[in-house]
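So for the sequence shown, this note's numbering puts the first residue at 2; every next one is plus one. Cβ atoms here follow ideal geometry from the backbone N, Cα and C, with glycine treated the same way.
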Amino acid sequence: MMTLKMMIQQHQRHTNSLLASQVLSDFGSLLPKFIKVIPREYKRVLANIKDKISKQDAVDEAEQDEPELIEKDAFEELKKLAAASSLNGKSNQTVEDSEILKRPSQVSDAVKHRGFISYEREGVQYRDPNVRMNDWKEVMEETKPGPLLKTQSARCMDCGTPFCHQENSGCPLGNKIPEFNELVYQNRWHEALERLLETNNFPEFTGRVCPAPCEGSCVLGIIENPVSIKSIECAIIDKAFEEGWMVPRPPLKRTGKRVAIVGSGPAGLAAADQLNRLGHMVTVYERADRIGGLMMYGVPNMKADKVDIVQRRVNLMAEEGVNFVVNASVGNDPLYSLDHLREENNAIILAVGATKPRDLPVPGRELSGVHFAMEFLHANTKSLLDSNLQDGHYISAKGKKVVVIGGGDTGTDCIGTSVRHGCSSIINLELLPQPPQTRAPGNPWPQWPRVFRVDYGHQEVAAKFGKDPRSYEVLTKRFVGDENGAVKGLELVRVKWEKDVTGKFQFKEIEGSEEIIEVDLVLLAMGFLGPEATVAEKLELERDNRSNYKAEYGRFSTNVDGVFAAGDCRRGQSLVVWAISEGRQAAAQVDKYLSIEEEEEEHTISNGSHENILKRHQDLSKRNTASWVNHFVGDAMELRPEGTAEAGGGGFTLGATKPFYSRIMKVVFSAEPGYRF
């Protein structure tokens with residue numbers, strides 16, 4: 002049911018279908034009227050499976066000496082097929098008896114047909130932990146175009162129904178993954194870039210820091226390791242910058258409308274990028290001294306280089322016409338009051354993130370040496386950029402016994418940073434149980450696999466200290482201080498998770514498991530509760546029960562006219578792909594809002610009719626499409642207005658200065674009336 006509703010929501014957002022809007026507004030009552038259609042062949046397969054199960058059940062019942070039923074993997078035969086070499090000339094051999102051979106992850110000339118059977122996965126490669134822990138360079142090895150990527154792209158199965166770009170299970174951006182995989186396989190890198198940029202503003206961000214939910218929902222992942230989508234995506238954009246394809250492409254003209262965006266994280270930058278393409282004047286306000294939000298100061302340099310990756314993108318956007326203002330504390334600094342921003346702009350997008358950290362209110366919390374993770378990471382990156390850590394304006398872990406409380410990505414970043422400082426020991430405490438090695442029954446495909454993983458920080462600790470730093474099912478009872486008010490120990494207790502009478506999991510302390518461990522530095526990495534309250538209070542924004550700004554998904558408008566919200570401040574702590582997705586969608590809604598505002602102005606001046614408003618929508622659609630083409634095709638063509646709406650021309654002619662891609666023309670213009678070639 003949720004997948005059906007999600008598909009209709011996507012259709013409505015992309016097409017503005019009135020019918021889809023009506024269905025969504027009354028989805029509950031209309032749901033029984035939907036008809037599930039199953040192909041005859043699929044029904045036949047289901048019937049055969051059911052018949053086999055019935056026969057097997059009969060055999061099992063007959064075997065009285067069998068002590069208990071053995072759990073059977075539903076995909077056992079498929080897994081054997083995937084693991085076996087099907088190209089060894091032994092076609093008459095049964096799968097059970099076939100020799101299982103190690104498959105290559107890279108060949109000189111990969112064959113696409115049955116590539117998912119012939120080749121093994123090779124994902125993102127990392128530098129040697131013994132080397133990388135001594136510097137702040139990116140931990141990822143750069144993946145260059147060549148046989149490896151061609152082999153890995155050949156593993157993509159061209160699924161009839163790909164789940165990798167489904168919003169509810171795969172990529173929230175809807176990246177056209179099978180298509181750019183195919184283009185990479187064919188060595189058509191520029192076209193792969195065009196396909197990637199259709200949906201993702203910043204693939205150099207997602208290719209580095211996104212956990213890749215697309216891979217978790219890859220259909221191939223049902224039976225074996227999924228396609229290496231993340232490394233392919235990162236290679237496409239890295240090659241684009243290396244080849245000089247990523248050049249500034251400012252919009253053809255300006256609309257005269259002004260939009261202020263508060264916050265320069267991925268959501269704010271994505272919204273700014275989209276609105277700038279449409280011709281609006283965009284100003285992004287950031288309270289820090291550098292643009293980028295968490296991508297600049299939250300994610301450490303060894304995951305995404307601040308100069309070569311983050312600042313490079315900011316510079317490109319600035320050259321395209323986006324205005325950036327740093328050290329601008331909107332709502333706190335009188336120079337950047339919210340009233341002033343509303344007066345100077347036609348719309349405002351709040352993309353301030355969820356920056357309020359979750360605290361640990363236990364005795365001793367006030368002791369020195371106990372810090373929030375973001376305080377630690379932000380100061381480290383700023384000092385690294387300002388002085389290569391020579392100014393001393395950061396929280397040093399050198400020679401200290403470090404404890405990181407919290408087991409997410411931020412906790413891992415604290416671990417990696419502490420190792421580079423030269424900590425004497427490090428422990429990572431997690432309240433929850435250790436995840437299983439494989440999917441649990443309650444975590445089926447295509448959900449994100451909640452399994453045990455070893456991240457870059459864990460590898461580095463194991464290399465330096467000989468063991469993984471993580472300890473699960475541990476509760477912190479109190480911080481122990483010395484005579485100077487500094488933390489010197491943690492009192493811990495082991496816990497056990499059990500279901501209560503309602504079926505919910507609750508933890509219970511294990512009696513006698515209490516202990517006190519030595520510590521000099523504690524870093525709290527337990528997530529975020531929501532956005533800070535200042536902006537919401539001054540604008541009198543409505544908030545949900547988690548303190549996030551209340552703005553309906555798909556519309557992104559708050560209860561204050563002309564004020565929109567996107568990203569973590571609206572949905573809560575989430576992934577970079579969700580932030581970019583929300584920024585893009587919020588920008589589209591702001592553009593609609595500005596067009597309606599302009600229609601009302603025109604209506605007031607000319608007392609225009611419904612036909613005039615409809616014509617305005619058509620003109621707006623053409624403007625949006627023209628801007629899209631200008632951004633992605635650049636100097637491959639030139640757009641020349643042919644007449645104006647008032648003169649009745651209402652179209653564009655294409656003057657080709659270089660060979661143009663007919664495929665793009667079909668994609669962009671096939672559904673747009675009023676264009677001539």
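TODO: Give me the Cα-Cα distance between Gln312 and Val248, rounded to the nearest whole angstrom.
DONE: A direct Cα-Cα distance of roughly 15 Å separates Gln312 from Val248.
- [ ] Put Arg471 into one of helix, strand or coil per three-state DSSP.
- [x] Residue state, collapsed to three classes: strand.
Open item on the list: For Gly354 and Leu295, which I take to be in contact (beta-carbon distance under 8 Å), what is that distance rounded to the nearest angstrom?
Closed with: For Gly354 against Leu295, the beta-carbon gap comes to about 7 Å, under 8 Å, which counts as contact.
Task: Length of the line joining the Cα atoms of Gly332 and Pro532 - done: Cα-Cα distance, rounded: 13 Å.
Task: alpha helix (DSSP H) segments (min. 4 residues) lying fully within the stretch 6–34 - done: Contiguous alpha helix (DSSP H) elements confined to the stretch 6–34 occur at 19–26, 28–31, taking only those with 4 or more residues.
Task: Unbroken alpha helix (DSSP H) run spanning Lys231, endpoints - done: Looking at the DSSP string, the run of the alpha helix (DSSP H) that includes Lys231 is 230–244.
Task: Closest Cα partner of Met282 within the set Asn182, Ala261, Gly293 - done: Comparing Cα positions, the closest option is Ala261.
Open item on the list: Helix, strand or coil for Val353? Go by DSSP, reduced to three states.
Closed with: Of the three classes helix, strand and coil, the one that applies to Val353 here is coil, per DSSP.
Open item on the list: Based on DSSP bridge pairs, tell me the residues matched to Trp498.
Closed with: DSSP, once it has assigned bridges, lists Phe508 as partnering Trp498.
Open item on the list: Measuring straight from C-alpha to C-alpha, what distance separates His394 and Val523?
Closed with: So the two alpha carbons sit approximately 18 Å from each other.
TODO: For my contact list, Tyr186 and Ser229 are in at a C-beta cut-off of 8 Å; report their separation, rounded to the angstrom.
DONE: No, Tyr186 and Ser229 are not in contact; Cβ-Cβ is about 12 Å, not under 8 Å.
Open item on the list: Output needed for Lys258: all residues of its chain with C-beta closer than 6 Å, excluding positions within five of it in sequence on either side, in chain order.
Closed with: Here the set comprises His281, Asn347, Leu595.
- [ ] Using only alpha-carbon positions, find the residue among His15, Asp569, Ser106, Val140 that is nearest to Arg421.
- [x] Among His15, Asp569, Ser106, Val140, the Cα nearest to that of Arg421 is on Val140.
Open item on the list: Please report the distance separating the alpha-carbon of Val475 from that of Glu216.
Closed with: Whole-angstrom Cα-Cα distance: 31 Å.
Open item on the list: Going by the DSSP bridge assignment, what does Leu524 pair with across the sheet?
Closed with: Leu524 has His372, Val405 as its beta-bridge partners, per DSSP.
Task: Nearest-angstrom Cβ-Cβ length linking Cys235 and Gly208, presumed shorter than 8 Å - done: About 3 Å; that satisfies the 8 Å criterion.
Open item on the list: Please tell me whether Arg255 has its Cβ less than 9 Å away from any Cβ of chain C.
Closed with: Here there is only one protein chain, and chain C is not present.
Open item on the list: Is the beta carbon of Pro434 closer than 9 Å to that of Tyr473?
Closed with: Yes, these two residues count as a Cβ contact at 9 Å.
TODO: In angstroms with no decimal places, state the Cα-to-Cα distance between Asp392 and Ala587.
DONE: If you take the alpha carbons of Asp392 and Ala587, they lie about 40 Å apart.
Task: Check whether Pro146 and Lys240 have beta carbons under 9 Å apart - done: Yes, the Cβ-Cβ distance between Pro146 and Lys240 is below 9 Å.
Open item on the list: Rounded to whole angstroms, what is the Cα-Cα separation between Thr439 and Pro450?
Closed with: Distance between the alpha carbons of Thr439 and Pro450: 8 Å.
Open item on the list: Please state the DSSP three-state secondary structure of Lys489.
Closed with: Strand at Lys489.
Task: Assigned secondary structure, Gly584 (DSSP; H/G/I helix, E/B strand, else coil) - done: In the structure shown, Gly584 sits in a helix (DSSP, three-state: H, G or I).
Task: Whole-angstrom C-beta distance between Ser119 and Arg1, which should lie under 8 Å - done: In the structure as shown, the chain starts at 2 and stops at 678, and residue 1 therefore has no counterpart that could be examined.
Open item on the list: If we require 3 or more residues per run, which beta strand (DSSP E) segments fall completely within the stretch 190–217?
Closed with: Qualifying beta strand (DSSP E) stretches: none in this window.
- [ ] Just mark Cys415 as buried or exposed, buried being the case when its beta carbon has 16 or more other beta carbons within 10 Å.
- [x] When all chains shown are included, Cys415 counts as buried.
Open item on the list: Can you list, in chain order, the residues of its chain with a C-beta nearer than 7 Å to that of Cys570? Leave out the 5 residues immediately preceding and following it.
Closed with: Once the five neighbours on either side are set aside, the close Cβ partners of Cys570 are Leu351, Ala352, Val353, Gly354, Ala355, Pro532, Asn549, Tyr550.
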